[in-house]
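Asks: Mind having a look at this structure? Questions to follow.
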Amino acid sequence: MSIIHSTIQVEGFPFTRIKELYISHHPNEHGLITIVGEITPEDAKDCEQRADETTALTVTASVGKETLTLFKGGVQNLSVTNEAGYSLLTVHGITSSFLQDIKKISRTYQNGGKTYEQILNQAYAGNGSVELTITDQATGALIMQMDETNWEFTKRMASRFNVPVFASITAPKPMVFVGLPPVANTKEITTTSFLHGKEDDAYNRVTANDMPGGGEALRQDFSALIARSYDYVYLGDIISINGSECRVKKVEARLVDGILEMEYLLAGKTGFVAPHVSNAACAGRVLIGQVKDVKRDTVKVHLLEIDKEYDGSGDWWFPYSTAYSSNDGSGWYCMPEIGDYVRIMFPSKNEADGFAASSINTAPLANPRHKSLKAPSGKELLMTDSGLYIICQHQKIFIDLTQDDGIKIVSSENIVVESEANVTVQAKKDIQVLAKEQILLQSGESFINMLPNQITLAAKDVIIT
Numbered sequence: 001m002s003i004i005h006s007t008i009q010v011e012g013f014p015f016t017r018i019k020e021l022y023i024s025h026h027p028n029e030h031g032l033i034t035i036v037g038e039i040t041p042e043d044a045k046d047c048e049q050r051a052d053e054t055t056a057l058t059v060t061a062s063v064g065k066e067t068l069t070l071f072k073g074g075v076q077n078l079s080v081t082n083e084a085g086y087s088l089l090t091v092h093g094i095t096s097s098f099l100q101d102i103k104k105i106s107r108t109y110q111n112g113g114k115t116y117e118q119i120l121n122q123a124y125a126g127n128g129s130v131e132l133t134i135t136d137q138a139t140g141a142l143i144m145q146m147d148e149t150n151w152e153f154t155k156r157m158a159s160r161f162n163v164p165v166f167a168s169i170t171a172p173k174p175m176v177f178v179g180l181p182p183v184a185n186t187k188e189i190t191t192t193s194f195l196h197g198k199e200d201d202a203y204n205r206v207t208a209n210d211m212p213g214g215g216e217a218l219r220q221d222f223s224a225l226i227a228r229s230y231d232y233v234y235l236g237d238i239i240s241i242n243g244s245e246c247r248v249k250k251v252e253a254r255l256v257d258g259i260l261e262m263e264y265l266l267a268g269k270t271g272f273v274a275p276h277v278s279n280a281a282c283a284g285r286v287l288i289g290q291v292k293d294v295k296r297d298t299v300k301v302h303l304l305e306i307d308k309e310y311d312g313s314g315d316w317w318f319p320y321s322t323a324y325s326s327n328d329g330s331g332w333y334c335m336p337e338i339g340d341y342v343r344i345m346f347p348s349k350n351e352a353d354g355f356a357a358s359s360i361n362t363a364p365l366a367n368p369r370h371k372s373l374k375a376p377s378g379k380e381l382l383m384t385d386s387g388l389y390i391i392c393q394h395q396k397i398f399i400d401l402t403q404d405d406g407i408k409i410v411s412s413e414n415i416v417v418e419s420e421a422n423v424t425v426q427a428k429k430d431i432q433v434l435a436k437e438q439i440l441l442q443s444g445e446s447f448i449n450m451l452p453n454q455i456t457l458a459a460k461d462v463i464i465t
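Residues 1 to 465 (full-length UniProt numbering) make up the sequence shown, in order.
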């Protein structure tokens with residue numbers, strides 16, 4: 001049944017006559033509407049003063065005994081043109097999905113057990129909803145939203161399934177479907193014209209990009225049927241034409257001579273293919289993170305620059321890049337400790353390729369010429385211009401090797417020198433052995449025991465010359 005201009009109502013905007021109306025709704029895009037109508041100068045001034053981007057916009061039409069919602073969303077902008085005796089008010093509107101396409105956000109989802117629907121609804125944080133109409137699955141890897149609005153992020157996640165997203169044109173809050181929206185029944189429309197065609201540009205664009213999982217786009221999926229009708233249906237609806245069922249792929253509606261005329265692009269169910277979109281914003285990025293856990297040569301990391309809080313349920317382990325390693329397992333492995341800061345590098349457009357490259361010293365040495373290899377509990381190998389210092393416990397157990405003083409060994413505990421072969425102590429000048437309590441020299445059963453007040457010699461033969 002036809003929709004004429006006099007049956008169209010715009011809530012909150014008291015038009016006396018609708019002169020122009022245009023509605024556009026495509027996959028992966030917000031629904032748009034433009035309304036031009038006559039209005040009294042007083043009402044035009046009132047609308048201009050009170051309407052802003054938070055103003056709801058609902059457009060309905062009376063069709064027989066029913067009221068049909070043509071559009072629901074918000075006002076993008078409006079303008080007023082004053083004529084003799086009346087004003088022309090132009091209102092541009094957009095679906096509520098636009099509310100999730102304003103703020104650029106960066107954050108990570110490090111729990112590979114969560115499904116795509118779960119992380120998308122987590123992103124929307126109650127300000128709308130996302131429903132996957134395709135088979136949902138666990139992400140299985142790190143997911144990073146990097147300088148993207150939630151709407152852009154949703155489209156990128158949907159592209160992993162090679163499907164577009166659909167914004168509801170009748171929902172007061174953002175309602176987004178990944179894959180074709182659910183449809184209760186098949187609708188029949190009467191066409192005024194019918195045209196066959198092909199979407200070669202869309203086919204070439206899809207096939208030129210990655211199709212994950214070995215997917216393949218078929219040219220017949222991009223055959224186009226263009227139908228014009230006075231019957232109003234929604235994007236994604238199933239309609240019956242000449243005994244064949246099609247899905248509505250695009251909707252364009254406009255007032256022509258006071259009657260709302262629709263142009264539909266129709267396709268089969270397989271004609272809604274979207275190319276894979278990579279995370280280009282993460283390629284080449286380096287982020288600072290804090291180590292939350294360490295296992296073998298991998299680390300769990302809280303990416304401080306983009307995540308306010310760390311998700312303790314996260315199960316993603318970043319590989320830690322070592323200074324050297326080989327296939328046989330040998331190498332130099334110096335893993336960071338829990339609480340240390342590390343750099344996370346993302347070498348490609350796939351965030352799951354990210355790895356921890358190096359740790360960050362929060363208390364660097366005062367002299368940049370000094371080199372230090374430090375372990376927990378104060379153990380340190382320090383190299384300076386004057387020498388090499390091996391420190392086990394500060395000022396208690398250490399070895400100093402310096403150019404000026406030679407080698408100095410200091411220990412608050414025992415020092416043991418043991419060899420299964422020979423030990424040689426040789427000096428061109430002096431050898432000093434000093435002890436406050438006892439010096440014991442022993443070979444077999446023979447010994448010399450020196451105490452502060454006594455020296456004892458014991459042997460089978462003692463020869464003094």
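Ideal placement from N, C-alpha and C gives every residue a C-beta, glycine not left out.
Expressed to the nearest angstrom, what Euclidean distance is found between the alpha-carbon atoms of ALA283 and TRP317?
Replies: 19 Å
Asks: Does DSSP put GLY213 in a helix, in a strand, or in coil?
Replies: Residue confidence is low: GLY213 scores 49 on pLDDT, short of 50, so the model does not pin down where it sits. No coordinate-derived value is stated.
Asks: What's the C-alpha gap between VAL165 and GLY236?
Replies: 11 Å
Asks: With a cut-off of 8 Å on the beta carbons, I'd call VAL286 and ALA356 a contact; round off their distance for me.
Replies: About 11 Å; that fails the 8 Å criterion.
Asks: Which word fits ASP101, buried or exposed, when buried means at least 16 other C-beta atoms lie within 10 angstroms of its C-beta?
Replies: Per the 10 Å Cβ criterion, buried.
Asks: Taking C-beta to C-beta, are PRO41 and SER79 nearer than 8 Å?
Replies: No, the pair does not count as a contact, with Cβ atoms beyond the cut-off.
Asks: Among VAL233, THR170, ALA167, whose alpha-carbon lies nearest the alpha-carbon of ASN185?
Replies: Minimum Cα distance to ASN185 is reached at VAL233.
Asks: Looking at SER129 and ALA274, is the spacing between their C-beta atoms short of 8 Å?
Replies: Contact flag unset, no.
Asks: For residue 469, is the classification buried or exposed, using 16 other Cβ atoms within 10 angstroms of its Cβ as the cut-off for buried?
Replies: Coverage of the chain is limited to positions 1 through 465, which leaves residue 469 absent and any answer about it impossible.
Asks: For a test of the three-state rule: what should DSSP assign to ALA171, helix, strand or coil?
Replies: If DSSP states are grouped into helix, strand and coil, ALA171 belongs with coil.
Asks: Relative to the C-alpha of MET383, which residue among THR7, MET450, ASP400 is closest?
Replies: Ranked by Cα distance from MET383, the first of THR7, MET450, ASP400 is ASP400.
Asks: Look at the alpha carbon of ASN453 and the alpha carbon of LEU441, and state the distance between them as a whole number of angstroms.
Replies: 17 Å
Asks: Let's see if you can read the secondary structure: which residues bound the alpha helix (DSSP H) around ALA51?
Replies: Here ALA51 belongs to no alpha helix (DSSP H), and DSSP marks it neither H nor E.
Asks: Across the stretch 6 to 23 and the stretch 33 to 40, are there enough close Cβ pairs to call them in contact, namely three or more that are closer than 8 Å?
Replies: yes
Asks: Helix, strand or coil for GLU152? Go by DSSP, reduced to three states.
Replies: helix
Asks: With a floor of 4 residues, list each alpha helix (DSSP H) that falls wholly inside the stretch 238 to 295, ordered by position along the chain.
Replies: none
Asks: Would you check if the distance between the CB atom of PRO174 and the CB atom of ASN127 is smaller than 8 Å?
Replies: yes
Asks: Report back the beta-carbon spacing between residue 483 and ILE23 to the nearest angstrom; my notes put them in contact at under 8 Å.
Replies: The requested residue 483 is not part of the displayed model; the chain covers only 1 to 465.
Asks: In terms of alpha-carbon separation, which member of PRO336, LYS19, LEU266, LEU265 lies closest to ASP257?
Replies: LYS19
Asks: Note down the Cα distance separating SER244 from PHE194, rounded to an integer number of angstroms.
Replies: The straight-line gap from Cα to Cα measures roughly 13 Å.
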